[in-house]
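Here this note's numbering is used: the first residue of the sequence shown is 2, the next is one more, and so on.
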Amino acid sequence: MRLKLINLCILLFIILTISVLVYIIISIVFIFLKYESFEIAIKSLSEESFTYKGGVVTIGMKYFQGIVFGVVLLIGLIRLLKRKE
Numbered sequence: 002m003r004l005k006l007i008n009l010c011i012l013l014f015i016i017l018t019i020s021v022l023v024y025i026i027i028s029i030v031f032i033f034l035k036y037e038s039f040e041i042a043i044k045s046l047s048e049e050s051f052t053y054k055g056g057v058v059t060i061g062m063k064y065f066q067g068i069v070f071g072v073v074l075l076i077g078l079i080r081l082l083k084r085k086e
């Protein structure tokens, strides 16, 4: 039962991580197509938001922070389940 729960958590985490990474890639592509500059698309990942030619570009670090939080949560859950066994 606990092994199924761990496998389910790992599977859910992998699915969420892949979906976030796909969203980030799509965002980079759209920003690249809109501003025609790869530098701006990469810069949009490192800052919460920034202004470029009067328009504010936002995708931000919140997605990376979400991935890090998910990893920490997953590690904590696995350790907790291992202690109970």
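Beta carbons are placed, not taken as given, at the ideal position from N, Cα and C, and that holds for glycine.
With fewer than 16 other CB atoms across the displayed protein chains lying within 10 angstroms of its CB, residue 19 is exposed.
The beta carbon of residue 82 lies closer than 8 Å to those of 3, 6 and 7 in the same chain, with the five residues before and after it left out.
Remark: C-beta atoms of residue 11 and residue 74 do not approach each other more closely than 8 Å. Using a 10 angstroms sphere on the CB of residue 32, the tally of other CB atoms reaches 16 or more, which defines it as buried.
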